[in-house]
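Visitor:
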Amino acid sequence: MSNLINKALWEIISQNTSDAESEWLTEKGNASPIELMTAFVSSPRVLPKKIVNVALEQENALKDIVAGFLVNGWSLVRLSRVWLLTQLDETEKDTFVKNIETLFDTAEMNELVALYSALPVLAYPEQWLFRATDAVRSNMGFVFDAIALHNPFPAKYFSELAWNQLVLKTIFNDKPVHFITGLEERENANLALILSDFAHERWAAGRSVAPNVWRLVSKFMNEALLSDMRHLFESRQTQNQEAAALACYESDYAPAKALLSEYSECEKSITEGALTWSNLEYTDLNTYVPTLQR
Numbered sequence: 295m296s297n298l299i300n301k302a303l304w305e306i307i308s309q310n311t312s313d314a315e316s317e318w319l320t321e322k323g324n325a326s327p328i329e330l331m332t333a334f335v336s337s338p339r340v341l342p343k344k345i346v347n348v349a350l351e352q353e354n355a356l357k358d359i360v361a362g363f364l365v366n367g368w369s370l371v372r373l374s375r376v377w378l379l380t381q382l383d384e385t386e387k388d389t390f391v392k393n394i395e396t397l398f399d400t401a402e403m404n405e406l407v408a409l410y411s412a413l414p415v416l417a418y419p420e421q422w423l424f425r426a427t428d429a430v431r432s433n434m435g436f437v438f439d440a441i442a443l444h445n446p447f448p449a450k451y452f453s454e455l456a457w458n459q460l461v462l463k464t465i466f467n468d469k470p471v472h473f474i475t476g477l478e479e480r481e482n483a484n485l486a487l488i489l490s491d492f493a494h495e496r497w498a499a500g501r502s503v504a505p506n507v508w509r510l511v512s513k514f515m516n517e518a519l520l521s522d523m524r525h526l527f528e529s530r531q532t533q534n535q536e537a538a539a540l541a542c543y544e545s546d547y548a549p550a551k552a553l554l555s556e557y558s559e560c561e562k563s564i565t566e567g568a569l570t571w572s573n574l575e576y577t578d579l580n581t582y583v584p585t586l587q588r
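Our numbering numbers the first residue of the sequence shown as 295 and each following residue consecutively.
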C-alpha cells in the first residue's frame, strides 16, 4: 500500500507546487531518515501556506487505496508532511516505529495534525493505537479533529469503548458527527444509551443536542429511547421533530412505528424522499442554546 498511496499523494502535491518546491520535496523524500524527519519539521519554511486542490479522480484514487481516506481541505504543508512519512523506509519495523515516535514526542500542534492524519497510511497500524486514543483526549481542537473527523483509522482499529468516547467527545465539542468516518458501521447499543444519557444532561441544563446525533439510536430503539423520541416530537423544534421521525422510521421497534404514525407529515416527507439525515447534517453547530426543558 505504501507505494500506491505515495504515488497518489505525490500526484496531488506535484499539481500544487512549483518546480523548486517539488524538487525540494523529492530531494528530502529520498534523503536519509534524519534529513527526511528534519524536512517534516521545516516544511512550513519552504512550502507556501495554501490549501491544495484535489481533482475528483484523485480523490477517488485515494479512496480506492484506503477506504475513507480524504485530503480535501488540507494545506500543502500537511499533505507534504504526510507524503514525507510515506517515504520513510518501513522494512525495519523497530527503526521505522522509533522514527515516527520521535516525531510524535517532539511535535508541535501542526506537526501532530499531520502525524494523526497519516495514521491510515502508516505501516504497523497496531503501533499507533495508543497515540490515536490519546489524541481523542487532546484539548487541542485541531489535533482532535485530525483523528476524529474524516479519518478512517478509528473506525478500523478502535475498541468499542474508545470509539464511543470519540463519538461522544465529537458531539460534546459541537463538531459535525457526520464527519466521522465509519459512523454507521460502528453503531452499537452502548453508544445509543450513552447518547441518551448525554441528551438528558443537556436537556436538564436547558441545552440542546444536535439533531443528527439521533441517527445513531434507530437500530437500538427501546422504551427509554422511545421516550426521547417523544420529547423531540414535543419540543416544537422542527429539526428535533425531523430527527425523531427519521429515527423512528429506520427502527424495527413497533412502538416507534406507531409513534411516527401520529406525525403523518413527517412520515410522508420521509417516504417521499424529501427528508433524510442529510437534511440535518449541519457543520456550524451551536447546541449551547436554550431548549425545551424535559
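Here a beta-carbon is modelled for each residue, glycine too, at the ideal position from N, C-alpha and C. Remember, predicted model here, so these are calculated numbers, not experimental data.
So what does DSSP say about S529, is it helix, strand or coil?
Guide: Here residue 529 corresponds to residue number 235 of the sequence shown, with the count starting at 1. S529 falls in the coil class under three-state DSSP.
Visitor: Skipping 5 residues on each side, what residues in its chain have a beta carbon closer than 7 Å to that of R372?
Guide: The sequence position of residue 372 within the sequence shown is 78, counting from 1. Result list for R372: V407, A408 and S411, in chain order.
Visitor: Which runs of the alpha helix (DSSP H) spanning at least 4 residues fall entirely within the stretch 467-534, listed in chain order?
Guide: 483-498 and 517-527
Visitor: Using the Cβ count rule (16 or more neighbours within 10 Å means buried), how would you classify Y418?
Guide: Reading the sequence shown from its first residue, position 124 is the one you call residue 418. Per the 10 Å Cβ criterion, exposed.
Visitor: Okay, do the stretch 494-506 and the stretch 521-537 touch, 3+ Cβ pairs below 8 Å being the bar?
Guide: Yes, the stretch 494-506 is in contact with the stretch 521-537.
Visitor: Whole angstroms is fine: what's the gap from Q309's alpha carbon to M331's?
Guide: Along the sequence shown, read from residue 1 onward, the residue named residue 309 stands at position 15. Along the sequence shown, read from residue 1 onward, the residue named residue 331 stands at position 37. Computed Cα separation, rounded: 23 Å.
Visitor: Flag this pair as yes or no: are the beta carbons of R425 and F452 separated by less than 8 Å?
Guide: Along the sequence shown, read from residue 1 onward, the residue named residue 425 stands at position 131. Along the sequence shown, read from residue 1 onward, the residue named residue 452 stands at position 158. No, Cβ-Cβ distance for R425 and F452 is not below 8 Å.
Visitor: Have a look at the DSSP bridge pairing and note the partners of S369.
Guide: Locating residue 369 in the sequence shown gives position 75, where the first residue counts as 1. Looking at the DSSP assignment, S369 forms a beta bridge with I345.
Visitor: Does DSSP put Q459 in a helix, a strand or coil?
Guide: Within the sequence shown, numbered from 1, the residue matching residue 459 stands at position 165. In the displayed model, Q459 falls within a helix according to three-state DSSP.
Visitor: With R431 as the anchor, note down where its alpha helix (DSSP H) starts and where it stops.
Guide: Taking the sequence shown and counting its residues from 1, one reaches residue 431 at position 137. That residue, R431, is in no alpha helix (DSSP H); it is neither H nor E in DSSP.
Visitor: Can you give the Cα-Cα distance for I564 and A541, rounded to whole angstroms?
Guide: On the sequence shown, position 270 is the one that residue 564 refers to. On the sequence shown, position 247 is the one that residue 541 refers to. If I take the Cα positions, the gap works out to 11 Å.
Visitor: Just to confirm my understanding: we take D428, look at its own chain, exclude 5 residues before and 5 after, and list those with CB closer than 6 Å. What are they?
Guide: On the sequence shown, position 134 is the one that residue 428 refers to. Within the same chain, D428 has no close Cβ partners at all.
Visitor: Measuring only the C-alpha atoms, how far is L526 from R480?
Guide: Along the sequence shown, read from residue 1 onward, the residue named residue 526 stands at position 232. Along the sequence shown, read from residue 1 onward, the residue named residue 480 stands at position 186. Going by the C-alpha atoms only, they are around 24 Å apart.
Visitor: On the DSSP letters alone, give me the boundaries of the alpha helix (DSSP H) that T332 sits inside.
Guide: The residue you call residue 332 lines up with position 38 of the sequence shown. Run containing T332: P327 to S336, per the alpha helix (DSSP H) assignment.
Visitor: Taking a contact to mean a Cβ-Cβ separation below 8 Å, would you say M403 touches F436 in this structure?
Guide: The sequence position of residue 403 within the sequence shown is 109, counting from 1. The sequence position of residue 436 within the sequence shown is 142, counting from 1. Cβ distance < 8 Å, so M403 and F436 count as in contact.
Visitor: If you reduce the DSSP assignment to three classes, tell me which class S438 lands in.
Guide: The count along the sequence shown starts at 1 and reaches residue 438 at position 144. First, the residue type needs correcting, since residue 438 is Phe and not Ser in the sequence shown. Three-state DSSP puts F438 in a helix.
Visitor: Restricting to Cα atoms, I'd like to know which of L519, C560, E353 and V391 is closest to A550.
Guide: As a position in the sequence shown, residue 550 is number 256, starting the count at 1. Nearest option by C-alpha distance: L519.
Visitor: Quick check on V360: does DSSP put it in helix, strand or coil?
Guide: The sequence position of residue 360 within the sequence shown is 66, counting from 1. Coil, per DSSP.
Visitor: Check whether the Cβ atoms of I488 and N458 sit closer than 8 Å, and answer yes or no.
Guide: Taking the first residue of the sequence shown as 1, we reach residue 488 at position 194. Taking the first residue of the sequence shown as 1, we reach residue 458 at position 164. Contact flag set, yes.
Visitor: Just to confirm before moving on: does the CB-CB distance between V415 and V365 stay below 8 Å?
Guide: As a first step, residue 415 must be located in the sequence shown, where it is residue number 121. As a first step, residue 365 must be located in the sequence shown, where it is residue number 71. It is not a contact, given that the beta carbons lie outside the stated cut-off.
Visitor: For the alpha helix (DSSP H) containing V407, list its first residue and its last residue.
Guide: Translated into positions along the sequence shown, residue 407 becomes position 113. Note, V407: alpha helix (DSSP H), M403 to A412.
Visitor: Any chance the stretch 562-578 sits against the stretch 462-475, with 3 or more Cβ pairs inside 8 Å?
Guide: yes
Visitor: Assuming the contact rule is C-beta atoms closer than 8 Å, P327 and L382 should be a hit. Round their C-beta distance to whole Å, please.
Guide: Against the sequence shown, residue 327 aligns to sequence position 33. Against the sequence shown, residue 382 aligns to sequence position 88. Between L382 and P327 the Cβ distance is about 6 Å, and since that is below 8 Å, they are a contact.
Visitor: Would you mind giving the Cβ-Cβ distance between W368 and V346, rounded to the nearest angstrom? I have them listed as a contact below 8 Å.
Guide: Within the sequence shown, residue 368 is the residue found at index 74, counting from 1. Within the sequence shown, residue 346 is the residue found at index 52, counting from 1. The pair is a contact, with the Cβ atoms about 6 Å apart (cut-off 8 Å).
Visitor: Beta-carbon separation of S545 and S521 under 8 Å?
Guide: Against the sequence shown, residue 545 aligns to sequence position 251. Against the sequence shown, residue 521 aligns to sequence position 227. It is not a contact, given that the beta carbons lie outside the stated cut-off.
Visitor: Could you tell me the distance, in whole angstroms, from the CA atom of K301 to the CA atom of Q352?
Guide: Locating residue 301 in the sequence shown gives position 7, where the first residue counts as 1. Locating residue 352 in the sequence shown gives position 58, where the first residue counts as 1. Roughly 11 Å separates the two Cα atoms.
Visitor: What does a CB cutoff of less than 6 Å around N297 pick up in its chain, not counting 5 residues either side in sequence?
Guide: If you number the sequence shown from 1, residue 297 lands on position 3. Excluding positions up to five away in sequence, the list is empty.
Visitor: How big is the Cα-Cα spacing for K357 and P338?
Guide: Taking the first residue of the sequence shown as position 1, residue 357 is located at position 63. Taking the first residue of the sequence shown as position 1, residue 338 is located at position 44. Taking the straight line from one Cα to the other gives about 27 Å.
Visitor: Compute the Euclidean distance between the alpha carbons of Y543 and S490, then round it to the nearest angstrom.
Guide: Residue numbering aside, residue 543 sits at position 249 when the sequence shown is read from its first letter. Residue numbering aside, residue 490 sits at position 196 when the sequence shown is read from its first letter. Roughly 18 Å separates the two Cα atoms.
Visitor: Within the continuous alpha helix (DSSP H) that includes E317, where are the two ends?
Guide: For the purposes of this step, residue 317 is taken as residue 23 along the sequence shown, with counting starting at 1. Element bounds for E317: D313 to G323.
Visitor: What's the gap between the Cα of K450 and the Cα of L413?
Guide: Position 156 of the sequence shown, counting from 1, holds the residue named residue 450. Position 119 of the sequence shown, counting from 1, holds the residue named residue 413. Roughly 11 Å separates the two Cα atoms.
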